[in-house]
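Here the sequence shown is numbered in the numbering used here, starting from 914 and rising by one per residue. Where a beta carbon is used, it is the ideal one built from N, C-alpha and C, also for glycine. From a predicted model like this one, the values you see are computed outputs, not experimental measurements. Please read the structure below before turning to the comments.
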Amino acid sequence: MCMLDSIITSKTRLKLLIKFFVTSSNKGYLRGIAEEFNESTNSIRKELNQLSDAGYLIKSQENNKIYYRANIEHPLFGSLQKLVRTYLGLDETIDQVLERTGNVKLVALLGDYARGVDSGTIEVLICGDGLDADYLTRLTEKTEQFLGKKIVIYPQMPEGVLQQIILYQKED
């Protein structure tokens, strides 16, 4: 499997690509992303501008904030999304979780992968109501065997987490 972090050496850019291309519904604004990634607004702004100028992200203004999201019309959108999902080992897993697990409200990548480091342990926060824990356990075991990586699922945010990448957030 291609190690995306060896191709894209900017950890900030890698985290932004993961955030916006893991699922096309993700969006974010500068300060929110800086807080989410626990990084300075300057480094985030630089990468957002470069990705926007290249056409990978589109900007829209809502409530005095400029929001960014993936440009699904870009010719490379599908390829980038597949590359990001393959890097995370989540090719179809996220879609399965959203469809079959219950009322999922939030899915976030935590730990080393949220920092852009492939440590071999994927930590995922999945919050919601009436989640099917048995299904999540089976899916986790199956995905671990397929990827050869350890997967840790958290039903609530563990203490001490400084960085996360929101992969999915249900809009109210």
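Helix, strand or coil for residue i per DSSP?
i: Tyr1000; result: helix
i: Thr1034; result: strand
i: Glu1084; result: coil
i: Met914; result: Reliability fails at Met914, whose pLDDT of 40 lies under 50, so the model's placement of it is uncertain and no value is given.
i: Val1020; result: strand
i: Ile1064; result: strand
i: Gly1073; result: coil
i: Ile921; result: coil
i: Gly1029; result: coil
i: Val1010; result: helix
i: Glu952; result: coil
Assuming contact is defined by CB atoms lying nearer than 9 Å, are residue i and residue j in contact in what I supplied?
i: Cys1040; j: Val1020; result: yes
i: Gly1015; j: Leu1044; result: yes
i: Ala1027; j: Lys959; result: no
i: Val870; j: Gln974; result: No answer is possible for residue 870: it lies beyond the span of the chain, which begins at 914 and ends at 1085.
i: Ala983; j: Leu970; result: yes
i: Lys1062; j: Gly1033; result: yes
i: Ile985; j: Tyr942; result: no
i: Ile1066; j: Leu1022; result: no
i: Ile1064; j: Glu1072; result: no
i: Lys932; j: Ile1079; result: yes
i: Thr999; j: Leu1052; result: no
Using CA coordinates, which residue listed in the options is at the minimum distance from residue i?
i: Ile1035; options: Glu1072, Gln1077 and Asn1016; result: Gln1077
i: Leu964; options: Phe990, Asp1042, Leu1060 and Leu1022; result: Phe990
i: Lys1018; options: Lys1083, Asn976 and Ser938; result: Lys1083
i: Leu1075; options: Thr1006, Glu948, Ser1032 and Thr1056; result: Glu948
i: His987; options: Ile957, Phe950 and Ser937; result: Ser937
i: Thr925; options: Arg1051, Glu952, Arg998 and Ile1079; result: Glu952
i: His1059; options: Leu1001, Asp1042 and Thr954; result: The identity of residue 1059 in the sequence shown is Phe, whereas the question assumes His. Per the Cα distances, Leu1001.
i: Ser992; options: Phe950, Thr954, Leu930 and Asp966; result: Leu930
i: Ile946; options: Thr1050, Tyr981 and Asp966; result: Tyr981
Taking DSSP's pairing of strands, which residues face residue i in a bridge?
i: Gly1041; result: Val1017
i: Lys940; result: Arg982
i: Ile1078; result: Leu1022
Length-filtered (3 minimum) beta strand (DSSP E) runs lying within the region 954-989: 970-975 and 978-983
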